[in-house]
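Notes to accompany the following structure.
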Amino acid sequence: GDSVTQTEGPVTVSESESLIINCTYSATSIAYPNLFWYVRYPGEGLQLLLKVITAGQKGSSRGFEATYNKETTSFHLQKASVQESDSAVYYCALGESGSFNKLTFGAGTRLAVCP
Amino acid sequence: DTTVKQNPRYKLARVGKPVNLICSQTMNHDTMYWYQKKPNQAPKLLLFYYDKILNREADTFEKFQSSRPNNSFCSLYIGSAGLEYSAMYLCASSFNQDTQYFGPGTRLLVL
Numbered sequence: 026g027d028s029v030t031q032t033e034g035p036v037t038v039s040e041s042e043s044l045i046i047n048c049t050y051s052a053t054s055i056a057y058p059n060l061f062w063y064v065r066y067p068g069e070g071l072q073l074l075l076k077v078i079t080a081g082q083k084g085s086s087r088g089f090e091a092t093y094n095k096e097t098t099s100f101h102l103q104k105a106s107v108q109e110s111d112s113a114v115y116y117c118a119l120g121e122s123g124s125f126n127k128l129t130f131g132a133g134t135r136l137a138v139c140p
Numbered sequence: 080d081t082t083v084k085q086n087p088r089y090k091l092a093r094v095g096k097p098v099n100l101i102c103s104q105t106m107n108h109d110t111m112y113w114y115q116k117k118p119n120q121a122p123k124l125l126l127f128y129y130d131k132i133l134n135r136e137a138d139t140f141e142k143f144q145s146s147r148p149n150n151s152f153c154s155l156y157i158g159s160a161g162l163e164y165s166a167m168y169l170c171a172s173s174f175n176q177d178t179q180y181f182g183p184g185t186r187l188l189v190l
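This is how it looks when you write it as structure tokens:
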């Protein structure tokens, strides 16, 4: 079946440092997966951070970026300079257009940004 | 307003007793989903409603029921709770197979 593997947390970085959270996927049943990063801030529900539906394209939001790399089946999340407010749990996910975009999630990566 | 609401936020249930969780949205979304999230595990899709049609994942087919009395509400029903049902239950909704919007979740503890 389809699966998503991401950096195991917790990840701790200092404010203004750079960040990368790795995500690789296996889409055995989906020819053209859509890729997502969701984030869960403390006390809130999962919310979409960014999505990319075309291989080779980059998505960006709130200073975060991720590039859909079909060759390496990766969708790593990067930010050049994190802030304390970025502390949250980040989930990589894949879905399929035309199949109700049912999502297959990774286990999540807890990020703690220290002031 | 892109809010998905879930009630209750916390639920304590006894082994063998039924559990009913509620989700609502006012975005007129055509699809509503239920996921189960256990600690250190990925959220797992249990089932979803597209309009009035229920689709259950194969490995959860017999464990969970659901109803959608109208476009705005969707419930998740466990007929006889077991310890293994302790988890966070996440509801989401979407329109036209686009972005899913999630609620805050209901944390269920079965004792």
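Protein chains in written order, with our numbering: chain A, 26 to 140; chain B, 80 to 190. Glycine is no exception: its CB is placed at the ideal position from the N, C-alpha and C atoms.
query: Bounding residues of the beta strand (DSSP E) (the contiguous stretch that carries A/Pro58); result: 58–65
query: Residues that B/Ile101 bridges to, as DSSP identifies them; result: B/Asn86, B/Ser154
query: Range of the contiguous beta strand (DSSP E) that encloses A/Ser85; result: 83–86
query: Contact set for B/Ser172: own chain, Cβ-Cβ below 6 Å, skip 5 residues either direction; result: Val83, Gln104, His108, Met111, Tyr180
query: Neighbour flag for A/Leu128 against chain B, beta carbons, 8 Å; result: yes
query: Residue-chain proximity (A/Glu69, chain B), Cβ-Cβ < 8 Å; result: yes
query: Three CB pairs or more closer than 8 Å across the segment 71–80 of chain A and the segment 91–98 of chain A; result: yes
query: The segment 41–52 of chain A in contact with the segment 91–99 of chain B per 3-pair CB rule at 8 Å; result: no
query: 8 Å Cβ cutoff met for B/Lys96 and B/Ala166; result: no
query: Candidates B/Asn119, B/Asp138, B/Asn149, B/Glu141, of which the one nearest B/Lys131 by Cα; result: B/Asn149
query: Within-8 Å CB hit, A/Phe125 to chain B; result: yes
query: Residues that DSSP places opposite A/Val135 in a beta bridge; result: Going by the sequence as given, residue 135 of chain A is Arg instead of Val. For A/Arg135, which the question treats as bridged, DSSP gives the partners A/Val114.
query: Neighbour list for A/Ala132 in chain B, Cβ cutoff strictly below 8 Å; result: Asn119, Gln120, Ala121
query: Any chain B beta carbon closer than 8 Å to A/Gln72; result: yes
query: Option in A/Ser41, A/Gln31, A/Pro67, A/Gly34 with minimal Cα separation from A/Pro145; result: The structure shown has nothing for residue 145 of chain A, since chain A only spans 26 to 140.
query: Separation of B/Arg135 from B/Leu124, as counted between CA atoms; result: 9 Å
query: Counterpart residues of B/Met167 in DSSP-defined beta bridges; result: B/Lys116, B/Arg186
query: Inter-residue spacing [alpha-carbon to alpha-carbon] between A/Tyr66 and B/Phe140; result: 31 Å
query: Below-8 Å beta-carbon distance, A/Ser43 vs any chain B residue; result: no
query: Within-8 Å CB hit, A/Ser112 to chain B; result: no
query: Extent of the continuous beta strand (DSSP E) to which A/Lys127 belongs; result: Run containing A/Lys127: none; DSSP gives neither H nor E here.
query: Closest by C-alpha distance to B/Asn175, when choosing among A/Pro58, A/Lys127, A/Cys117, A/Ile45; result: A/Lys127
query: Per-residue contacts from A/Ser122 into chain B (C-beta, under 7 Å); result: Gln176
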